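In my numbering, the protein residues as written are 42 to 316. Beta carbons are placed, not taken as given, at the ideal position from N, Cα and C, and that holds for glycine. Note that the coordinates shown come from a computational prediction; the quantities given were computed from them, not determined experimentally. Working notes for the structure below.
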Amino acid sequence: MGNRDRIAQAFVTARQQAAGLSPYPGEPPMTLAEAYAIQDRAIAIDGRVAAGWKVGRINAPLDATLGVNRLAGPIFADQIFGAETATMAVIADGFAAAEAEYCVRIGRAPEAGRTALSLDEALALVDAVHIGVEIASSPYAGINADGPLVTISDFGNNFGLLIGAEVPGWRELGFLDWPVESRIDDAVVGSATARAMLDGPIGAVAFLVDCLAARGQALMPGTWVSSGAVTGVHQIRPGQRFEADFGVQHVRCGIVAAAGNADTGRTPAQAGGQG
Numbered sequence: 042m043g044n045r046d047r048i049a050q051a052f053v054t055a056r057q058q059a060a061g062l063s064p065y066p067g068e069p070p071m072t073l074a075e076a077y078a079i080q081d082r083a084i085a086i087d088g089r090v091a092a093g094w095k096v097g098r099i100n101a102p103l104d105a106t107l108g109v110n111r112l113a114g115p116i117f118a119d120q121i122f123g124a125e126t127a128t129m130a131v132i133a134d135g136f137a138a139a140e141a142e143y144c145v146r147i148g149r150a151p152e153a154g155r156t157a158l159s160l161d162e163a164l165a166l167v168d169a170v171h172i173g174v175e176i177a178s179s180p181y182a183g184i185n186a187d188g189p190l191v192t193i194s195d196f197g198n199n200f201g202l203l204i205g206a207e208v209p210g211w212r213e214l215g216f217l218d219w220p221v222e223s224r225i226d227d228a229v230v231g232s233a234t235a236r237a238m239l240d241g242p243i244g245a246v247a248f249l250v251d252c253l254a255a256r257g258q259a260l261m262p263g264t265w266v267s268s269g270a271v272t273g274v275h276q277i278r279p280g281q282r283f284e285a286d287f288g289v290q291h292v293r294c295g296i297v298a299a300a301g302n303a304d305t306g307r308t309p310a311q312a313g314g315q316g
């Protein structure tokens, strides 16, 4: 088994078992192309439908080194939940974090072959924007510390998406200036606005069009885009509660440990522990 297959298989198996994984299961990728090739191989091995994509930021100085300031990873259909969901699962023996995010739904696909979209062109693809929470969790505890290429190789460190209420008047983009505050067990752990997120959630859509096109894929209608952590990546553990306050709206969830293979094949309602 080659390095790419070995890494992909190890991550898929560890995620299915909700088990920690150490050390990194192979030679870490050294290029974006190799990192996404591992991710694509893992998606194929996993076999589930990617109904969304998470977009994350690549910070300086690595953004200049890699020539890109964002990364992407799949969000599988059975890990997307509505606001009525009471709890979200993490891999307790790996890395776990929660992030306040704007969740963007794609209403139409970009024209075939079109890339490098302007913000207006990207906005025209969107048919809804909601508040939400991304769960970032991986079997490998060093996924963030080891940098963006390692993050990409394990599904971009995504383990679920909680979608809250729709943002009123989102087409006017006023929500970019909403004050957003994240809390863990009622303690504030981060605050910011989406205005500070590179070129914002719509810019994340434009990036994703290019990222997928480079991999021979298209951004399809109905796809959810978790557009990036507004207030930061907030490490969390089972038993804690996370709340994302968007000023006029909020979304919250408890954090529980994923149960491993017993969870395989669950419906979203069962996986999230409806309350």
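- Task: Tell me, to the nearest whole angstrom, how far the beta carbon of residue 204 is from that of residue 277; I am working on the premise that it is less than 8 Å.
- Result: For the purposes of this step, residue 204 is taken as residue 163 along the sequence shown, with counting starting at 1. For the purposes of this step, residue 277 is taken as residue 236 along the sequence shown, with counting starting at 1. With a Cβ gap of about 19 Å, residue 204 and residue 277 do not count as contacting.
- Message: Here's the rule I'm using: 16 or more other beta-carbon atoms within 10 Å means buried, otherwise exposed. How should residue 208 be labelled?
- Response: Within the sequence shown, the letter at position 167 stands for residue 208. Label assigned to residue 208: buried.
- Residues bridged to residue 188 by DSSP? Locating residue 188 in the sequence shown gives position 147, where the first residue counts as 1. According to DSSP, residue 188 bridges with nothing at all.
- Item | Neighbour-count burial assignment, residue 68, 16 or more Cβ in a 10 Å radius | To locate residue 68, count along the sequence shown from 1; it is residue 27. Burial call: exposed.
- Task: Kindly provide the ranges of any beta strand (DSSP E) runs that are 3 or more residues long and lie completely inside the stretch 153-210, ordered along the chain.
- Result: 167-179, 199-207
- Could you tell me the distance, in whole angstroms, from the CA atom of residue 317 to the CA atom of residue 92? It is not possible to answer for residue 317, since the shown part of the chain is limited to 42 through 316.
- Query: Excluding sequence positions up to five away, which residues of its chain have a Cβ less than 6 Å from the Cβ of residue 247?
  - Reply: In the sequence shown, residue 247 corresponds to position 206, counting from 1. For residue 247, where only same-chain residues beyond five positions count, the Cβ hits under 6 Å are 158, 163.
- Message: Our contact map puts residue 95 next to residue 185 with C-beta atoms below 8 Å; I'd like the distance itself, whole angstroms only.
- Response: Your numbering for residue 95 matches position 54 in the sequence shown. Your numbering for residue 185 matches position 144 in the sequence shown. No, residue 95 and residue 185 are not in contact; Cβ-Cβ is about 13 Å, not under 8 Å.
- With distances taken Cα to Cα, identify the nearest neighbour of residue 119 among 110, 129, 112, 113. Counting from one through the sequence shown, the residue named residue 119 turns up at place 78. Comparing Cα positions, the closest option is 129.
- First and last residue of the beta strand (DSSP E) that includes residue 112? Here residue 112 is taken as the residue at index 71 of the sequence shown, counted from 1. Note, residue 112: beta strand (DSSP E), 111-117.
- Nearest to residue 98 (by Cα), restricted to the options 292, 282, 190: Along the sequence shown, one-based indexing puts residue 98 at 57. Of the listed residues, the one whose Cα sits closest to residue 98 is 190.
- At least one CB of chain D closer than 9 Å to the CB of residue 80: is that the case? Of the protein chains in the structure, only one exists, and it is not chain D.
- Message: I need the boundaries of the alpha helix (DSSP H) containing residue 75, first residue and last residue.
- Response: Against the sequence shown, residue 75 aligns to sequence position 34. Residue 75 -> alpha helix (DSSP H) spans 73-87.
- Message: In whole angstroms, give me the CA-to-CA distance for residue 66 and residue 266.
- Response: Taking the first residue of the sequence shown as position 1, residue 66 is located at position 25. Taking the first residue of the sequence shown as position 1, residue 266 is located at position 225. Straight-line Cα distance between these residues: approximately 28 Å.
- Item | C-alpha distance - residue 260 paired with residue 134, whole-angstrom precision | In the sequence shown, residue 260 corresponds to position 219, counting from 1. In the sequence shown, residue 134 corresponds to position 93, counting from 1. Computed Cα separation, rounded: 33 Å.
- Closest Cα partner of residue 178 within the set 64, 228, 114: Stepping through the sequence shown from its first residue, residue 178 is reached at position 137. Checked all of 64, 228, 114; the closest Cα to residue 178 is 114.
- Query: Can you tell me whether residue 170 is buried or exposed, with buried defined as 16 or more other CB within 10 angstroms of its CB?
  - Reply: The residue given as residue 170 occupies position 129 in the sequence shown. That one is buried.
- Message: Pop quiz: residue 143 and residue 220 are said to be a contact at Cβ under 8 Å. What is the actual Cβ separation, rounded to whole angstroms?
- Response: For the purposes of this step, residue 143 is taken as residue 102 along the sequence shown, with counting starting at 1. For the purposes of this step, residue 220 is taken as residue 179 along the sequence shown, with counting starting at 1. In fact, because the Cβ distance is near 14 Å, the residues do not count as touching under 8 Å.
- When DSSP labels each residue in this structure, what does residue 295 get in the three-state scheme? Position 254 of the sequence shown, counting from 1, holds the residue named residue 295. The answer is strand: DSSP assigns residue 295 an E or B state.
- Message: Taking the beta strand (DSSP E) that residue 128 belongs to, which residues open and close that run?
- Response: Against the sequence shown, residue 128 aligns to sequence position 87. Its beta strand (DSSP E) spans residues 128-131.
- CB-CB length for residue 225 against residue 112, believed under 8 Å: The count along the sequence shown starts at 1 and reaches residue 225 at position 184. The count along the sequence shown starts at 1 and reaches residue 112 at position 71. Not confirmed; about 24 Å, so no contact.
- Give the C-beta separation of residue 296 and residue 131 to the nearest angstrom, bearing in mind that I take them to be a contact with Cβ-Cβ under 8 Å. Locating residue 296 in the sequence shown gives position 255, where the first residue counts as 1. Locating residue 131 in the sequence shown gives position 90, where the first residue counts as 1. Right, the Cβ-Cβ distance comes to about 6 Å (below 8 Å), so this counts as a contact.
- In the DSSP assignment, find the unbroken alpha helix (DSSP H) run with residue 271 in it and report its ends. Counting from one through the sequence shown, the residue named residue 271 turns up at place 230. Per DSSP, residue 271 belongs to no alpha helix (DSSP H) and is neither H nor E.
- Message: Please return the same chain residues whose Cβ sits closer than 6 Å to the Cβ of residue 308, not counting the five positions on each side in sequence.
- Response: By one-based count along the sequence shown, residue 308 stands at place 267. Confidence at residue 308 is low in this model, with a pLDDT of 31, below 50, so the placement of that residue should be treated as unreliable; the coordinate-derived value is given next. Excluding positions up to five away in sequence, the list is empty.
- Cα-Cα separation, residue 106 to residue 71: Sequence index remark: in the sequence shown, residue 106 carries index 65 (1-based). Sequence index remark: in the sequence shown, residue 71 carries index 30 (1-based). Their backbone Cα atoms lie some 11 Å apart in a straight line.
- When the Cα of residue 236 is compared with those of 268, 255, 250, which residue comes out closest? Locating residue 236 in the sequence shown gives position 195, counting from the first residue. Considering only alpha carbons, the answer is 268.
- Of all the beta strand (DSSP E) runs that stay within the bounds of the stretch 209-290, which reach a length of 3 or more residues? 221-225, 228-233, 265-267, 282-286
- Query: What is the residue span of the beta strand (DSSP E) that residue 53 lies within?
  - Reply: By one-based count along the sequence shown, residue 53 stands at place 12. No beta strand (DSSP E) holds residue 53; the alpha helix (DSSP H) holding it covers 44-58.
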